[in-house]
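In our numbering, the protein residues as written are 25 to 254.
We put the CB at the ideal spot given by N, CA and C, even for glycine.
Every value quoted in this text rests on a predicted model; they were computed, and no experiment measured them.
Below is one structure; the comments refer to it alone.
Next up, the structure:
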C-alpha cells in the first residue's frame, strides 16, 4: 500500500496527496483500531447482507433477461478485479512495506490491490441481484477507505520518509493516471507471495460460486421468503 491522502495530511498537489506527520504516528498497522476491527466488521456486514438477501424475495429471478445482463456484468467486473490483484501481486510480493514499488500498476495509483478487491466485492450484489447486499457492504468499504488504507500509508510514510513523500506527490491514492504508466520488472512468479495471491483467488472464486448457488436456490418457488421489500 502506498501513502497518505490530503484528508489525512492536509497536503495536496494538483489533486495528488502526499504524506506528512500523522497526528498519532503508527509503528505498525495493528496500532490502528480500524485495522484491528476490519475482519470483524467485514464478516458481520457480509453475513447480515447475505441473510437478509436470502430471506427477501429476489429482485430478479432466473430466466429474466435482466438476470443474464447482471450475470455478465458481474463476472466481467469480478475477473477485472481478480486480474488486477494478480498483476499487482507480481510487482509487490515480498516488497510490501519493505520498499516503495513505483512501477507497473503502482505507477498508475497507490492502491491497485485494493482496487482489485473493491471491484471483486462490487460484483457480489450483481451475482445475487441484491441491493440489500450492496448496502450491507458499504460499512466495510468506508472503513477501508477512511481508516485501514490511511493507517497503512501512515506506516509507510514513517518507514520510508522523503522517498515515500516524493512518490505520493506524483501518484494519486485512488485515481489512476494512465499517462504516467512505467513498465517495471515483476517479481519472480515463483515467489511465495504470488502463490499466496493465487490461493486467495481460488477462495474468491469459491465465494463467487457459492453466491451463484444461493441465488439459484433463492429463486425457486419452494424457497421461503418472509421478507418482501420490493
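#### Entry: Nearest-angstrom Cα separation, counted from residue 82 out to residue 250
If you number the chain shown from 1, residue 250 lands on position 226. If you number the chain shown from 1, residue 82 lands on position 58. Whole-angstrom Cα-Cα distance: 12 Å.
### Message
Can you tell me where the alpha helix (DSSP H) holding residue 242 begins and where it ends?
### Response
Along the chain shown, read from residue 1 onward, the residue named residue 242 stands at position 218. Unbroken alpha helix (DSSP H) run through residue 242: 216 to 242.
### Task
Compute the distance between the beta-carbons of residue 145 and residue 76, then report whether it is under 8 Å.
Sequence index remark: in the chain shown, residue 145 carries index 121 (1-based). Sequence index remark: in the chain shown, residue 76 carries index 52 (1-based). The beta carbons of residue 145 and residue 76 sit no closer together than 8 Å.
### Task
Check the C-beta distance from residue 229 over to residue 133 and give it rounded, since I have them as a contact under 8 Å.
As a working note, residue 229 is residue 205 in the chain shown. As a working note, residue 133 is residue 109 in the chain shown. Going by Cβ atoms, the distance from residue 229 to residue 133 rounds to 25 Å, so no, they are not a contact pair.
### Message
Going residue by residue through the segment 145 to 176, where are the continuous alpha helix (DSSP H) segments of at least 4 residues, counting only ones entirely within it?
### Response
Every alpha helix (DSSP H) of 4 residues or more that sits fully in the segment 145 to 176 is shown, in chain order, as 155 to 160, 162 to 167.
### Query
Between residue 60 and residue 142, what straight-line distance do the alpha-carbon atoms span, to the nearest angstrom?
Taking the chain shown and counting its residues from 1, the one referred to as residue 60 is at position 36. Taking the chain shown and counting its residues from 1, the one referred to as residue 142 is at position 118. Cα to Cα, residue 60 sits roughly 19 Å from residue 142.
### Three CB pairs or more closer than 8 Å across the segment 237 to 245 and the segment 81 to 97
Output reads yes: the segment 81 to 97 touches the segment 237 to 245.
### Task
Report yes or no: do three or more beta-carbon pairs, one from the segment 166 to 185 and one from the segment 55 to 74, lie closer than 8 Å?
Judged by Cβ distances under 8 Å, the segment 166 to 185 makes contact with the segment 55 to 74, as three or more pairs qualify.
### Query
Are the segment 99 to 112 and the segment 121 to 131 in contact at 8 Å, needing three or more beta carbon pairs?
Yes, the segment 99 to 112 is in contact with the segment 121 to 131.
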